[in-house]
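Residue numbers (the numbering used here): 389 to 697.
Every residue gets a Cβ at the ideal spot worked out from N, C-alpha and C, and that includes glycine.
Everything on this sheet refers to the single structure shown next.
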């Protein structure tokens, strides 16, 4: 089975008697086994807390570097000397942010389905916290995406070549061609981001309506509460996405500094180097989250076992 970092593993705990056989177990033995379960539960909860702290710490360090890279790229644009190096780096960053958002959305939806299946489960609140972590991360990535997109185009920088000496005309034409090429690429990238945000609005509207229809058929109080929260979340996101689309369509483009070829090459190497470190840290973060989810399931199973005694 393909490994999924956020897959909720179904754990089967061994070494403890079943509920059916517990009725035939002497009281002293029951007390002894209950004590063992409590001890096991304490160890699991300690492990869960350790993992949570490590996740928070690693996530903060990752976000600090990602934010630093996005801010740095947002302050830069290509010059004739740098060609399209900065534009290419921005396009790659936008693609990476978009992929990450899609993955986070998938994992959030997976956890949401798990919550719907057992809204009053012992670990539902923990799962809701993890889902919120994914949802908040999606918003962070989208904010970074918009920040970067608003630095792509600089229409004011494009001016038609004017008459003058032969050498001046050649330089002016070369600059115009470079700026026009940059603008065409920027417009294409901007439109893709805008289309993505608008498509998100449409999907959220469909999702909200589907949830409302489902709510009308549900009588279980716990599930109705979860569905209402999901509907409210969708409606909040619809409003926010529409505001973000409007910002992308009408917002002023940020001031950026032309970059020399030497600076662009240096930035390119630095981003490549930092990206390798980030890739390793993301892998570690994913493993830690996987272990955290396993602990949540194990703790829930132990509590259920203890409650049956």
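{"Asked": "Which residue comes first and which comes last in the beta strand (DSSP E) that contains residue 624?", "Found": "Counting along the chain, residue 624 falls outside any beta strand (DSSP E), though it belongs to the alpha helix (DSSP H) covering 609-638."}
{"Asked": "Confirm, please, whether the CB-CB distance from residue 615 to residue 602 is below 9 Å.", "Found": "yes"}
{"Asked": "Count the other C-beta atoms from every protein chain shown that fall within 10 angstroms of the C-beta of residue 350, then say buried if there are 16 or more, exposed otherwise.", "Found": "This structure cannot settle anything about residue 350, because the visible part of the chain is limited to 389 through 697."}
{"Asked": "Can you check whether the CB of residue 604 is closer than 9 Å to the CB of residue 473?", "Found": "no"}
{"Asked": "Distance check for residue 672 and residue 569, CA to CA, integer angstroms please.", "Found": "40 Å"}
{"Asked": "Within the same chain, show all residues whose beta-carbon is closer than 8 Å to that of residue 644, passing over the 5 residues directly before and after it, in chain order.", "Found": "462, 463, 464, 465, 539 and 542"}
{"Asked": "Measure the beta-carbon distance from residue 659 to residue 485 and round it to whole angstroms, keeping in mind my assumption that it falls under 8 Å.", "Found": "Going by Cβ atoms, the distance from residue 659 to residue 485 rounds to 14 Å, so no, they are not a contact pair."}
{"Asked": "Only counting the same chain, and skipping five residues up and downstream in sequence, which positions put a Cβ closer than 6 Å to that of residue 595?", "Found": "622"}
{"Asked": "Would you list the residues sitting across from residue 466 in a DSSP beta bridge?", "Found": "647"}
{"Asked": "If you follow the alpha helix (DSSP H) that residue 533 is in, where does it begin and where does it stop?", "Found": "512-537"}
{"Asked": "Going by the beta-carbon positions, is the gap between residue 515 and residue 499 smaller than 9 Å?", "Found": "yes"}
{"Asked": "With a CB to CB cut of under 8 Å and the five nearest residues on each side skipped, what residues in its chain are close to residue 656?", "Found": "473 and 477"}
{"Asked": "Among 419, 421, 480 and 426, which has the Cα closest to the Cα of residue 688?", "Found": "426"}
{"Asked": "Can you have a look at residue 587 and say buried or exposed, based on whether 16 or more other CB atoms are within 10 angstroms of its CB?", "Found": "exposed"}
{"Asked": "Report the residue from 694, 692, 690 and 681 whose alpha carbon sits nearest the alpha carbon of residue 517.", "Found": "681"}
{"Asked": "Spell out a yes or no on whether the region 491-505 and the region 448-455 are touching, meaning 3 or more CB-CB pairs, one atom from each, closer than 8 Å.", "Found": "no"}
{"Asked": "Could you name the residues of the same chain whose beta carbon sits closer than 8 Å to that of residue 597, not counting the 5 residues immediately before and after it, in chain order?", "Found": "none"}
{"Asked": "Indicate whether at least one CB of chain D lies closer than 9 Å to the CB of residue 668.", "Found": "Absent here is chain D; the protein component of the structure consists of one chain."}
{"Asked": "Considering only C-alpha positions, which residue in the set 437, 521, 572 and 513 is nearest to residue 495?", "Found": "521"}
{"Asked": "So which of 610, 619, 432 and 467 has the shortest CA-CA distance to residue 647?", "Found": "467"}
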